[in-house]
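Sequential numbering from 4 applies to the sequence shown in this note's numbering.
Backbone N, C-alpha and C define an ideal beta-carbon position, used for all residues, glycine too.
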Amino acid sequence: MGTSTEWSRLPVGRRELRQDAVLALVLLGGLTLSTVLYSAAGTYGDDQAAWWVSALVITANAAPIAFRRRYPMTVAIVSALAFASTQVFHVPELFVINFTLFIALYTVGAWCSDRVRAEAVRWVVIGGMFAWLFIAISFGWAVPNALPNDGGSIIPPVIAYSLINIVINVVYFGAAWYAGNRAWTSAVARHELDQRTAELAAERERSAAQAVTLERVRIARELHDVVAHHVSLMGVQAGAARRVIGRDPEQATASLGVVEESARTAVEELRRMLGTLRSDDEDRGAPSTEGLGRIGELAESARTAGHPTEYVVVGDARDVPPTVSSVAYRIAQEAVTNVLKHAGPSARADLRVRYLDDGVEVEVADDGRGGTAPRNTSGSGLGHVGMRERVTAVGGRIEIGPRARGGYLVRAWLPTS
Numbered sequence: 004m005g006t007s008t009e010w011s012r013l014p015v016g017r018r019e020l021r022q023d024a025v026l027a028l029v030l031l032g033g034l035t036l037s038t039v040l041y042s043a044a045g046t047y048g049d050d051q052a053a054w055w056v057s058a059l060v061i062t063a064n065a066a067p068i069a070f071r072r073r074y075p076m077t078v079a080i081v082s083a084l085a086f087a088s089t090q091v092f093h094v095p096e097l098f099v100i101n102f103t104l105f106i107a108l109y110t111v112g113a114w115c116s117d118r119v120r121a122e123a124v125r126w127v128v129i130g131g132m133f134a135w136l137f138i139a140i141s142f143g144w145a146v147p148n149a150l151p152n153d154g155g156s157i158i159p160p161v162i163a164y165s166l167i168n169i170v171i172n173v174v175y176f177g178a179a180w181y182a183g184n185r186a187w188t189s190a191v192a193r194h195e196l197d198q199r200t201a202e203l204a205a206e207r208e209r210s211a212a213q214a215v216t217l218e219r220v221r222i223a224r225e226l227h228d229v230v231a232h233h234v235s236l237m238g239v240q241a242g243a244a245r246r247v248i249g250r251d252p253e254q255a256t257a258s259l260g261v262v263e264e265s266a267r268t269a270v271e272e273l274r275r276m277l278g279t280l281r282s283d284d285e286d287r288g289a290p291s292t293e294g295l296g297r298i299g300e301l302a303e304s305a306r307t308a309g310h311p312t313e314y315v316v317v318g319d320a321r322d323v324p325p326t327v328s329s330v331a332y333r334i335a336q337e338a339v340t341n342v343l344k345h346a347g348p349s350a351r352a353d354l355r356v357r358y359l360d361d362g363v364e365v366e367v368a369d370d371g372r373g374g375t376a377p378r379n380t381s382g383s384g385l386g387h388v389g390m391r392e393r394v395t396a397v398g399g400r401i402e403i404g405p406r407a408r409g410g411y412l413v414r415a416w417l418p419t420s
């Protein structure tokens, strides 16, 4: 019942208040009709109340019902007093009056958020009613001729009459108590279900927004990987062609040929990447077709750009998971791109692929001896972030930073099992 201390069915809206007002009018009509009929039948005989007393008492029973969900505990107490006054003043009504008290007690159980006070009020009302019942039974026992005295019956009439009244009241008040509590429990369950539904809807919105963000990051990373390497290589070769075009046309032509080939490769890779993005959902998350087998091409592109580059494979080459192979290639591609951009025109590069028992290691290092361009060593650039994200996604480790003997190092270990 922890929710009951945090949530309340009150206050109610106009719709509920209109419903209660209509219910009060219906009960008032029923009380009036029942009182007229019981009066015509001679209930209470000469001791029955005057018509204006009856009118006041039945109004006092019906009117509070119009406010039962606004002030449930107050209405329960007023209804109990009005119920008692019906018999105290001998108002000829013995039927509909039972519905008004039942509804009042039910409402306390069904609508009060303070469950301790709700139980206390109901116990007070029910206790008062049973006390009055026992007093009435006691007076009945004090009048021996009130009921027939059949000595041949198993249960004396007075005891039987008393037991019938006790059982009726136990069932009556027990039903009001149980129905009210069940209504409250159902309302709490509906409230919790609505809350969970709202939370799930909000979570779906957050997940959708996160998915969009992740997709944007993935596209940005793929674009960076595809474009940065080739554009950097094209820039280096175009610069080299510009510098030698006057004195060495053949070298300039070779450099421009590299630019052309790099542009063609970049376009091809972009087309392939866009095709992947446009494919069905089940194919959308598929890894790139790039893999370890193409790392040698990266070494060749670095040599073409004027960087003496050594490419070494250590260990016996074997098949690795496609995702790991793709990550290895993209890390090597990004590291070679950084060599072309930052290591300087005469820097030497080393590419190594090591096949280990539990994984594969990719290492790209340069000596940076001719490099004068500043490096970003914080690892906060898009390229470094992309490499770290890719390695983390497959459960690997990566080392990025300057070497003690000069130059720069990127080393990534990727699990293969």
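Checklist entry - Going by DSSP, which residues form a beta bridge with Asp-369? => result Ala-352 and Tyr-411, per the DSSP bridge assignment.
Next on the checklist: Please classify Pro-160 as buried or exposed, where buried requires at least 16 neighbouring CB atoms within 10 angstroms.
Outcome noted: exposed
Next on the checklist: Starting from Glu-300, trace the beta strand (DSSP E) in both directions and tell me its first and last residue.
Outcome noted: Taken as a continuous stretch (DSSP letters only), Glu-300 belongs to no beta strand (DSSP E), being part of the alpha helix (DSSP H) at 298–307.
Checklist entry - Roughly how far, in whole angstroms, is the beta-carbon of Ala-107 from the beta-carbon of Ser-82, given that I think they are within contact range, below 8 Å? => result 4 Å
Next on the checklist: For Glu-96, report the span of its beta strand (DSSP E) as first-last.
Outcome noted: Neither: Glu-96 is in no beta strand (DSSP E) and is coded neither H nor E.
Checklist entry - Does the distance from the C-beta atom of Val-94 to that of Gln-51 stay below 9 Å? => result yes
Checklist entry - Buried or exposed: Thr-375, going by 16 or more other Cβ atoms within 10 Å of its Cβ? => result The predicted model places Thr-375 with a pLDDT of 43, which falls under 50 and marks its position as unreliable; any figure quoted below should be read in that light. Counting Cβ neighbours within 10 Å, Thr-375 comes out exposed, since fewer than 16 surround it.
Checklist entry - Can at least three beta-carbon pairs, one atom from the region 55–64 and one from the region 129–140, be found at a separation below 8 Å? => result Segment contact: the region 55–64 against the region 129–140, fewer than three CB-CB distances shorter than 8 Å; contact not assigned.
Item to check | Short Cβ contact (9 Å threshold) for Gly-410 with Asp-370 | outcome: yes
Checklist entry - Is the distance from the Cβ of Glu-448 to the Cβ of Met-390 below 9 Å? => result The first residue shown for the chain is 4 and the last is 420, placing residue 448 beyond what the model contains.
Checklist entry - Going by the beta-carbon positions, is the gap between Leu-20 and Ala-69 smaller than 9 Å? => result Yes, Cβ-Cβ distance for Leu-20 and Ala-69 is below 9 Å.
Next on the checklist: Can you look up Tyr-181 in the DSSP assignment and give me helix, strand or coil?
Outcome noted: helix
Item to check | Proximity of Arg-414 and Glu-364 at Cβ, strictly below 9 Å | outcome: yes
Item to check | Contact between the region 103–118 and the region 37–45 (3+ Cβ pairs under 8 Å) | outcome: no
Checklist entry - Quick one: Cα of Gln-240 to Cα of Arg-219, how far? => result 31 Å
Next on the checklist: Below 8 Å on the Cβ atoms is my contact criterion, and I expect Ala-350 with Val-342 to pass it. Report the Cβ-Cβ distance as a whole number of Å.
Outcome noted: 6 Å
Checklist entry - In this structure, what does DSSP give as the bridge partners for Arg-400? => result Trp-416
Item to check | Cβ-Cβ distance between Leu-417 and Val-317 below 9 Å | outcome: no
Checklist entry - Given that a residue counts as buried once 16 or more other Cβ atoms are within 10 Å of its Cβ, and exposed if not, what is Ala-192? => result Only exposed fits Ala-192, as fewer than 16 other CB atoms lie within 10 angstroms of its CB.
Next on the checklist: Am I right that Val-367 and Leu-359 are in contact with their C-beta atoms under 8 Å? What's the rounded C-beta distance?
Outcome noted: About 17 Å separates the beta carbon of Val-367 from that of Leu-359, a gap too long to meet the 8 Å contact definition.
Checklist entry - Out of Ala-123, Arg-120 and Ile-169, which has the shortest C-alpha to C-alpha gap to Ala-139? => result Ile-169
Next on the checklist: Can you look up Asp-283 in the DSSP assignment and give me helix, strand or coil?
Outcome noted: With a pLDDT of only 48 at Asp-283, under 50, the local geometry of the prediction cannot be trusted, and the value read off the model is given with reservation. If DSSP states are grouped into helix, strand and coil, Asp-283 belongs with coil.
Checklist entry - Ends of the alpha helix (DSSP H) at Val-342? => result 325–345
Checklist entry - If you follow the beta strand (DSSP E) that Thr-35 is part of, which residue opens it and which one closes it? => result No beta strand (DSSP E) contains Thr-35, which is instead part of the alpha helix (DSSP H) from 17–43.
Next on the checklist: I believe Leu-104 touches Phe-86 by the beta-carbon criterion, under 8 Å. Please report the beta-carbon distance rounded to the nearest angstrom.
Outcome noted: 5 Å
Item to check | Buried or exposed (CB count within 10 angstroms, at least 16 for buried), Ala-163 | outcome: exposed
Checklist entry - Which residues in the same chain have their Cβ closer than 7 Å to the Cβ of Phe-102, if we skip the five residues on either side of it in sequence? => result Leu-30
Checklist entry - By Cβ distance below 6 Å, which residues in the same chain neighbour Leu-259 in space, the five residues on each side in sequence not counted? => result Taken in chain order, the residues that qualify are Ala-244.
Next on the checklist: Taking 9 Å as the threshold (C-beta atoms), are Ala-179 and Tyr-74 in contact?
Outcome noted: no
Item to check | Paired residues, beta bridge with Pro-405 - DSSP | outcome: Tyr-411
Checklist entry - What residues in its chain sit with their C-beta under 6 Å from that of Ala-255, if we drop five residues either side in the sequence? => result Ala-244, Val-247 and Ile-248
Item to check | Inter-residue Cα distance where the pair is Val-323 and Thr-419 | outcome: 6 Å
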